[in-house]
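Working notes, beginning with the structure itself.
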Amino acid sequence: LHLRHGYHLFASKNFPDSMTAFGQAEAGPEHVLSLFPMLLPAAGARAFAHLVDPAQFPERAEDAAALDELQREEAVRAVVPFLLGRREGASGAAHGSGGTRPNLLGLSS
Numbered sequence: 029l030h031l032r033h034g035y036h037l038f039a040s041k042n043f044p045d046s047m048t049a050f051g052q053a054e055a056g057p058e059h060v061l062s063l064f065p066m067l068l069p070a071a072g073a074r075a076f077a078h079l080v081d082p083a084q085f086p087e088r089a090e091d092a093a094a095l096d097e098l099q100r101e102e103a104v105r106a107v108v109p110f111l112l113g114r115r116e117g118a119s120g121a122a123h124g125s126g127g128t129r130p131n132l133l134g135l136s137s
């Protein structure tokens with residue numbers, strides 16, 4: 029249900045709330061990245077295209093490629109924190125909750 033709502037919000041150009049709904053649906057990054065084929069290499073875009081069945085999710089009628097430049101910029105600004113959060117979650121799970129791990133700048137967190 030959250031996934032469908034996320035696609036609906038994305039199609040309605042409500043990008044921050046769509047990312048919240050995708051997070052509540054525990055959608056993997058590949059689902060969200062499938063909305064941004066222009067950010068992926070051609071092989072990646074083709075690989076992710078099968079993840080969303082248009083018959084099952086008619087709300088996902090358009091992706092970021094169909095947006096104008098300003099809307100694409102807004103969508104990308106919303107997706108980056110979502111993806112970083114997913115990366116942090118995966119990294120934390122892989123490293124356990126104890127100890128520190130380097131951040132992007134090489135500083136311990």
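Per the numbering used here, residue 29 is the first one in the sequence shown, and the count goes up by one each step. Each residue gets a CB set at the ideal place from its N, CA and C atoms; glycine is no exception. This one's a predicted model, so the numbers in the text were calculated from it and none came from an experiment.
For residue i, the first and last residue of its enclosing alpha helix (DSSP H)
i   : result
P69 : Where P69 is concerned, there is no enclosing alpha helix (DSSP H), given that its DSSP letter is neither H nor E.
E58 : P57 to L61
L31 : H30 to A39
D45 : F43 to Q52
Which listed residue (the options) has its alpha carbon closest to that of residue i
i    : options                 : result
E97  : M66, R114 and G113      : M66
A53  : V108, A106, N42 and H33 : H33
L29  : N42, V107, A39 and A49  : A49
P109 : M47, N42, L31 and A94   : M47
P44  : A103, L95 and S62       : A103
R114 : Q99, A70, F64 and E58   : E58
L112 : H36, A39 and G51        : G51
A55  : A73, Y35, Q99 and R74   : Y35
V60  : E116, E101 and F38      : F38
S40  : P69, A94 and F76        : A94
Local conformation of residue i per DSSP, three classes
i    : result
L95  : coil
G127 : At G127, the pLDDT of 44 sits below 50, so the modelled position is not reliable and the matter cannot be decided from this model.
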